[in-house]
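Shown next, in structure tokens, is the structure this report addresses.
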Amino acid sequence: MSETATPPSAPLRARAEIDLAALRANVRTLRAHAPGAALMAVVKSDAYGHGAVACARAAVEAGAGWLGTATPEEALALRAAGLPGRVMCWLWTPGGPWREAIEADLDVSVSGLWALDEVCEAARATGLPARVQLKADTGLGRNGCQPGEDWHALVGRALRAEHEGLLRVTGLWSHFACADEPGHPSITAQLTRFREMVAYAEGEGVRPEVRHIANSPATLTLPEAHFDLVRTGIAVYGVSPSPEIGHPADFGLRPVMTLSASMALVKRVPEGHGVSYGHHYVTPGGTTLGLVPVGYADGIPRHASGSGPVLIDGKWRTVAGRIAMDQFVVDLGGDEPGAGAEAVLFGPGDRGEPTAEDWAQAAGTIAYEIVTRIGTRVPRVYVNE
Ligand SMILES: *Cc1c(COP(=O)(O)O)cnc(C)c1O
Numbered sequence: 003m004s005e006t007a008t009p010p011s012a013p014l015r016a017r018a019e020i021d022l023a024a025l026r027a028n029v030r031t032l033r034a035h036a037p038g039a040a041l042m043a044v045v046k047s048d049a050y051g052h053g054a055v056a057c058a059r060a061a062v063e064a065g066a067g068w069l070g071t072a073t074p075e076e077a078l079a080l081r082a083a084g085l086p087g088r089v090m091c092w093l094w095t096p097g098g099p100w101r102e103a104i105e106a107d108l109d110v111s112v113s114g115l116w117a118l119d120e121v122c123e124a125a126r127a128t129g130l131p132a133r134v135q136l137k138a139d140t141g142l143g144r145n146g147c148q149p150g151e152d153w154h155a156l157v158g159r160a161l162r163a164e165h166e167g168l169l170r171v172t173g174l175w176s177h178f179a180c181a182d183e184p185g186h187p188s189i190t191a192q193l194t195r196f197r198e199m200v201a202y203a204e205g206e207g208v209r210p211e212v213r214h215i216a217n218s219p220a221t222l223t224l225p226e227a228h229f230d231l232v233r234t235g236i237a238v239y240g241v242s243p244s245p246e247i248g249h250p251a252d253f254g255l256r257p258v259m260t261l262s263a264s265m266a267l268v269k270r271v272p273e274g275h276g277v278s279y280g281h282h283y284v285t286p287g288g289t290t291l292g293l294v295p296v297g298y299a300d301g302i303p304r305h306a307s308g309s310g311p312v313l314i315d316g317k318w319r320t321v322a323g324r325i326a327m328d329q330f331v332v333d334l335g336g337d338e339p340g341a342g343a344e345a346v347l348f349g350p351g352d353r354g355e356p357t358a359e360d361w362a363q364a365a366g367t368i369a370y371e372i373v374t375r376i377g378t379r380v381p382r383v384y385v386n387e
């Protein structure tokens, strides 16, 4: 992803402004929510669409002791950009870049024996010990090692490799299924299972630096899940994990991304004019239409056709008809803000603009998906570096 270091002087078709001061403040706020734990800023998927390197740097400046990514390639890219400190990645497939990861001093996650064997082979080849974190499936039913025999075998083989000097078991960790639904019975069940699996490994002789299970919702609502490290993703970007647990401001968080576009055309049309593909909107009377030059190729969800909100000239307008690949239309009700007027799709919300959560509601999805999918054609413009 190209990163624009300073706001370009030429007007842009569209821009995603990334407020790095807000991001740093969010990191400090999250550290205060989990004062006994270190903080990992999760910057996978290009920092949830905000730009991995700039956001990782800002998070580290604000006191994130760890960075986390899904894939090893994402973690290696952070190292290549010069980011120091602890970097962990957890989504491995056979034949992955284990040697590169060891040489880059990454913490790698292992959920099964195939991965442990591959990391040991790479450690022998490089002559360097790997930092390995063992992942337990405490109930999510996704990645992670099953409790019981599987866990015993994984822990046993990891300890033998540690004794041979091939690796250090730096962490024991897991992930929640329903942390965004406070009171869900799976939460306490997973915590109990996690404590048991950690106790087994420690009883066998594992001495992890960090034990961790908390994502953003658990960091915000579940202190007993903080352990040694919290892994916060969405909250770093100032977005609430779920409207049910609260708004960003309830937790002292502020949305980092503001998505805006420059209106490409404003024109008068008569009553009964069909708008956009399929004519799902027909003007109820003579009106003005505004053309907003972003579409689903830019990550604007087509499911928000007829419902997505936009702030133009101080008023909320709604997407009229279908969102197309590159553009959509709003009914301006006779107003004529003029081509070049700013259309704000979402932002922090305190200038009256909609939020990513509003778009999530309009599209029937979660705000994670709204920010993460903003496409590469939209330049990220960093402010408050
Ligand atoms: C994405 C991810 C996180 C961060 O989740 P948020 O809900 O965005 O805080 C933490 N841990 C793992 C394993 C993840 O994949």
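Take 3 as the starting number for the sequence shown in the working numbering and just add one per residue.
Glycine included, each C-beta is placed from N, C-alpha and C at the ideal position.
Exercise. Is the beta carbon of P250 less than 8 Å from the beta carbon of T223?
Worked result: no
For this session: Apply the 10 Å Cβ neighbour rule to H177 and answer buried if 16 or more other Cβ atoms are within range, or exposed otherwise.
Result: buried
Exercise. In angstroms, rounded to a whole number, what distance separates the CA positions of A49 and C57?
Worked result: 7 Å
For this session: Within the region 336 to 379, note down every full beta strand (DSSP E) run reaching 3 residues or more, in order along the chain.
Result: 344 to 348
Exercise. Which whole-angstrom value describes the C-beta separation of G336 and T290, a residue pair presumed to lie in contact below a C-beta threshold of 8 Å?
Worked result: 6 Å
For this session: For the region 261 to 274 and the region 73 to 89, state whether three or more C-beta atom pairs, one from each stretch, are separated by less than 8 Å.
Result: no
Problem set entry | Buried/exposed call for R17, threshold 16 Cβ in 10 Å | buried
For this session: Count the other C-beta atoms from every protein chain shown that fall within 10 angstroms of the C-beta of E166, then say buried if there are 16 or more, exposed otherwise.
Result: exposed
For this session: Given a cut-off of 8 Å, decide if L130 and E164 are closer than it, judged by their beta-carbon atoms.
Result: no
Exercise. In chain order, which continuous runs of the alpha helix (DSSP H) of length 4 or greater are located wholly inside the region 269 to 337?
Worked result: none
Exercise. Do the region 324 to 333 and the region 299 to 311 touch if we need at least three Cβ pairs shorter than 8 Å?
Worked result: yes
Exercise. Would you call the CB atoms of V112 and L136 closer than 8 Å?
Worked result: yes
Exercise. L118 and V89 look like a contact to me (Cβ under 8 Å); what is the Cβ gap, rounded to whole Å?
Worked result: That belief does not hold up - the Cβ atoms of L118 and V89 are roughly 20 Å apart, past 8 Å.
For this session: Please classify T6: does DSSP put it in a helix, a strand, or coil?
Result: Below a pLDDT of 50, predicted positions are generally treated as unreliable, and T6, at 48, falls in that range; the measurement from the model is reported next regardless. In this structure, T6 counts as strand in the three-state DSSP scheme.
Exercise. What are the start and end residues of the beta strand (DSSP E) that includes L25?
Worked result: Premise fails: L25 lies in the alpha helix (DSSP H), L22 to H35, not in any beta strand (DSSP E).
Problem set entry | Contacts around V44, its chain only, beta-carbon distance under 6 Å, and the 5 residues preceding and following it disregarded | G70, R233 and G235
Exercise. Going by alpha carbons, who is nearest to V284 out of G38, A345, P187 and V332?
Worked result: V332
Exercise. What is the rounded straight-line gap between the Cα of A263 and the Cα of V385?
Worked result: 17 Å
For this session: Entirely within the region 64 to 88 and at least 4 residues each: give me those alpha helix (DSSP H) ranges in chain order.
Result: 74 to 82
Exercise. Which whole-angstrom value is the C-beta distance of L168 and R126, which I expect to be below 8 Å?
Worked result: 7 Å
Exercise. Buried or exposed: which applies to P257, given that a residue is buried once 16 or more other Cβ atoms fall within 10 Å of its Cβ?
Worked result: buried
For this session: Give a yes or no on whether the C-beta atoms belonging to A1 and G301 are separated by under 8 Å.
Result: Summary: the structure shown does not reach residue 1, with the chain confined to residues 3 through 387, and so no result is reported for it.
For this session: Within the region 111 to 196, note down every full alpha helix (DSSP H) run reaching 4 residues or more, in order along the chain.
Result: 115 to 128 and 151 to 165
For this session: Compute the beta-carbon to beta-carbon distance between V212 and A40, rounded to the nearest angstrom, for a pair I have assumed lies under 8 Å.
Result: 7 Å
Exercise. Do the CB positions of V208 and R170 come within less than 8 Å of each other?
Worked result: no
For this session: Mind checking who V385 pairs with in its DSSP beta bridge?
Result: D21
Exercise. Using DSSP with H/G/I as helix, E/B as strand and the rest coil, what is S47?
Worked result: helix
Exercise. Would you report the Cα separation of R30 and K46, rounded to the nearest angstrom?
Worked result: 20 Å
For this session: Measure how close the beta-carbons of H214 and G173 come, nearest whole angstrom, since I'm counting them as under 8 Å.
Result: 7 Å
Problem set entry | Sequence-distant residues of its chain with Cβ nearer than 7 Å to G366 (five each side left out) | H305
Exercise. Should R17 be listed as close to ligand 1, given that the test is whether its C-beta is under 7 Å from any heavy atom?
Worked result: no
Exercise. Taking 7 Å as the cut-off, does the CB of T367 come closer than this to any heavy atom belonging to ligand 1?
Worked result: no
Exercise. So C91 packs on A60, CB below 8 Å; how close in whole Å?
Worked result: With 8 Å as the limit, C91 and A60 do not qualify as a contact, their Cβ atoms being about 20 Å apart.
For this session: In the DSSP assignment, find the unbroken alpha helix (DSSP H) run with L222 in it and report its ends.
Result: S218 to T223
Exercise. Taking Cβ to Cβ, would you say A191 is nearer than 8 Å to G141?
Worked result: yes
Exercise. Cβ of K269 versus every heavy atom of ligand 1: is any distance shorter than 7 Å?
Worked result: no
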